[in-house]
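Structure record follows, encoded as structure tokens.
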Amino acid sequence: MTLGRSDSQLLGKVWDNEGMTMHDELADLLEDAANRVDVWTGLEQWTIEQGSAAATEVANTEIRKDGTAWGDRPVRTVYQYAQMAAKYTVEMARCIAPLVRAERPAPGIETLTRTSLEAASVVWWLLEENLTARQRVCRMQLLRRNNAIELAKSIAVVDADPSVAEQETVAGIEAICDALGLPSFSQGGSELDGEKMLRYKARVNKFTDDIGYRGAYNIYSGVAHAELVGLWRLFQQTASILADRSPVYEVRPNPEATFAGVDVRRRRRGSESDDGLHGESRDPLRLAS
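Here the sequence shown stands for residues 2 to 290, where the numbers follow the working numbering.
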């Protein structure tokens, strides 16, 4: 990633506050962003504003298989899912901050940034504007069914009792959808009533494209998977050379990579705050039309 001129000037600069380095400033930025976002992920903020699109969704007219009304619970469950993913994203910011402050090399920061992007993409997809209550619930059920598959694999690997999954099994999720009056999953479980499941990479890439940070997920995935390109990001060229004039590389922090890892989180917060999704109050459930 290439930094702009103003960004490059920022790197290595000692701030006006005595002893405040660029890394201290970036760590403070992460912690401040986490604290600000955490305000509207609290229980008291997850309310429905009268007249909002969210209010329309919870007052849906969907009918269950047995002829009774859906009510608000299926939609509110989607919001709770998104709330957990938002909380997870905030927690990752708080975990990254001390690594930045300690001027650790890029891979640890970038791996946590990748995890954060995955959680944020869940929020982005579930709370996309202009969805009906039915569409939003279908998206959640697609995520739950996929999770059930991965959970079953984990349970089998450790030879645990399958009952620990409780209702989070493929059969359990399909039964819930059937009771809601939804059609059967199709395309091998990747489609439900017209909503198509986005796999991890596709979902995160859509998210990073939407916020103007194209390609970030691919870079950070290479790091998280310890591919050669990821391993190489741990090392920085030093001023030393060998007898044959070959450069010497050591494990060192990379200020540009650290700045980029923090910047992708800043862009995400800006997009979530300013795109009109949450309204003037920044209430994540306002979903103002």
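Beta carbons are placed, not taken as given, at the ideal position from N, Cα and C, and that holds for glycine.
Computed from a predicted model, the values in this text were never measured in an experiment.
May I ask which residues mark the beginning and end of the alpha helix (DSSP H) holding T239? Position 238 of the sequence shown, counted from the first residue, corresponds to residue 239. Element bounds for T239: not the alpha helix (DSSP H) but the beta strand (DSSP E), F236 to I242.
Once the 5 residues before and after D162 are set aside, which same chain residues still bring their CB inside 6 Å of it? Working through the sequence shown from its first residue, we reach residue 162 at position 161. Cβ within range, chain order: n/a, list empty.
From the DSSP output, read off the bridge partner residues of I64. For this step, residue 64 is matched to residue 63 along the sequence shown. According to DSSP, residue pairing for I64 in a beta bridge involves A70.
With a threshold of 8 Å on Cβ separation, who are the neighbours of N148 within its own chain once the five nearest residues in sequence on each side are excluded? Mapped onto the sequence shown, residue 148 falls at position 147. Answer for N148: E169, listed in chain order.
Same chain, Cβ closer than 8 Å to Y250, five either side skipped, listed in chain order: In the sequence shown, the residue the question calls residue 250 occupies position 249. The beta carbon of Y250 sits closer than 8 Å to those of F236, Q237, Q238 and T239, all from its chain and outside the five residues before and after it, given in chain order.
Determine the burial state of D151: buried for a count of at least 16 other Cβ atoms within 10 Å of its Cβ, exposed for fewer. For the purposes of this step, residue 151 is identified with residue 150 of the sequence shown, where counting begins at 1. Here residue 151 is Glu; the residue named in the question, Asp, does not match the sequence. Classification for E151: exposed.
Quick check on the DSSP output: the alpha helix (DSSP H) that includes V205 runs from which residue to which? Here the question's residue 205 lines up with position 204 in the sequence shown. Here the alpha helix (DSSP H) through V205 covers Y201 to D211.
Backbone CA spacing between P248 and R234 [nearest angstrom]: Numbered from 1 along the sequence shown, position 247 holds the residue referred to as residue 248. Numbered from 1 along the sequence shown, position 233 holds the residue referred to as residue 234. Their Cα atoms are separated by approximately 16 Å.
C-alpha distance - D33 paired with V40, whole-angstrom precision: As a working mapping, residue 33 is identified with position 32 in the sequence shown. As a working mapping, residue 40 is identified with position 39 in the sequence shown. Taking the straight line joining both Cα atoms gives about 11 Å.
Cut-off 8 Å between Cβ atoms - residues of its own chain near P99, not counting five sequence neighbours on either side: Here residue 99 corresponds to residue number 98 of the sequence shown, with the count starting at 1. Only A28 meet the Cβ criterion.
Roughly how many angstroms separate the alpha carbons of E175 and I97, rounded to a whole number? The count along the sequence shown starts at 1 and reaches residue 175 at position 174. The count along the sequence shown starts at 1 and reaches residue 97 at position 96. Rounded to the nearest whole angstrom, the CA to CA distance from E175 to I97 is 38 Å.
Taking all protein chains shown into account, do 16 or more other C-beta atoms lie within 10 angstroms of the C-beta of N131, making it buried, or fewer, making it exposed? Numbered from 1 along the sequence shown, position 130 holds the residue referred to as residue 131. That one is exposed.
Here's the rule I'm using: 16 or more other beta-carbon atoms within 10 Å means buried, otherwise exposed. How should E228 be labelled? On the sequence shown, position 227 is the one that residue 228 refers to. Under this definition E228 is an exposed residue.
For L193, which three-state DSSP category applies? Along the sequence shown, one-based indexing puts residue 193 at 192. Here L193 carries a strand assignment [DSSP, helix/strand/coil].
Three-state secondary structure (DSSP) at Y250? On the sequence shown, residue 250 is found 249 positions in, with the first residue counted as 1. Residue state, collapsed to three classes: strand.
Taking the alpha carbon of V91 as the reference point, which residue from R74, R65 and E119 has its own alpha carbon closest? Start at 1 with the first residue of the sequence shown, and residue 91 comes out as number 90. From the listed residues R74, R65 and E119, the smallest Cα separation to V91 is found for E119.
I'd like the list of long-range same chain contacts for I1, defined as Cβ closer than 7 Å, with 5 residues on each side in sequence excluded. Here the chain has residues from 2 to 290 only, and residue 1 is not among them.
Express the C-alpha separation of G52 and L278 in angstroms, rounding to a whole number. By 1-based counting over the sequence shown, the position of residue 278 is 277. By 1-based counting over the sequence shown, the position of residue 52 is 51. For L278, the predicted model reports a pLDDT of 27, less than 50, meaning its position is unreliable; a value from the coordinates is still stated below. Their Cα atoms are separated by approximately 15 Å.
Taking one C-beta from the region 72-81 and one from the region 190-203 each time, how about it: are there three or more such pairs within less than 8 Å? At 8 Å Cβ cutoff, the stretches do not touch.
L183 to Q136 span [Cα, whole Å]: Locating residue 183 in the sequence shown gives position 182, counting from the first residue. Locating residue 136 in the sequence shown gives position 135, counting from the first residue. The alpha-carbon of L183 is positioned some 11 Å away from that of Q136.
Are H24 and E111 close, meaning C-beta to C-beta below 8 Å? Residue 24 sits at position 23 when you count from the first residue of the sequence shown. Residue 111 sits at position 110 when you count from the first residue of the sequence shown. No. Outside cutoff.
Three-way DSSP call (helix, strand, coil) for S187 in this model: In the sequence shown, residue 187 corresponds to position 186, counting from 1. Residue state, collapsed to three classes: strand.
Assuming R146 and G190 are in contact, meaning their beta carbons sit under 8 Å apart, how far apart are those beta carbons, in whole angstroms? The count along the sequence shown starts at 1 and reaches residue 146 at position 145. The count along the sequence shown starts at 1 and reaches residue 190 at position 189. Indeed they touch by this definition, with Cβ atoms about 6 Å apart.
Which same chain residues end up closer than 6 Å to K88 when comparing Cβ atoms and leaving out the 5 residues on each side of it in sequence? What you label residue 88 is simply residue 87 of the sequence shown in a count that begins at 1. Only T42 meet the Cβ criterion.
Can you find the residues in the same chain that come closer than 8 Å, C-beta to C-beta, to G173, ignoring five residues on each side of it along the sequence? Counted from its first residue, the sequence shown places residue 173 at position 172. These residues qualify, in order along the chain: A149, A166 and E167.
Is it right to say A134 is buried, meaning 16 or more other beta carbons lie within 10 angstroms of its own, or is it exposed? By one-based count along the sequence shown, residue 134 stands at place 133. Buried, by the Cβ-count rule.
Separation of L243 from S122, as counted between CA atoms: Along the sequence shown, read from residue 1 onward, the residue named residue 122 stands at position 121. Along the sequence shown, read from residue 1 onward, the residue named residue 243 stands at position 242. Here the alpha carbon of S122 sits roughly 46 Å from the alpha carbon of L243.
Measure the Cβ-Cβ separation of A107 and N255 and say whether it is below 8 Å. Residue numbering aside, residue 107 sits at position 106 when the sequence shown is read from its first letter. Residue numbering aside, residue 255 sits at position 254 when the sequence shown is read from its first letter. A contact, by the Cβ cut-off of 8 Å.
Quick check on D179: does DSSP put it in helix, strand or coil? Against the sequence shown, residue 179 aligns to sequence position 178. Here D179 sits in helix by DSSP.
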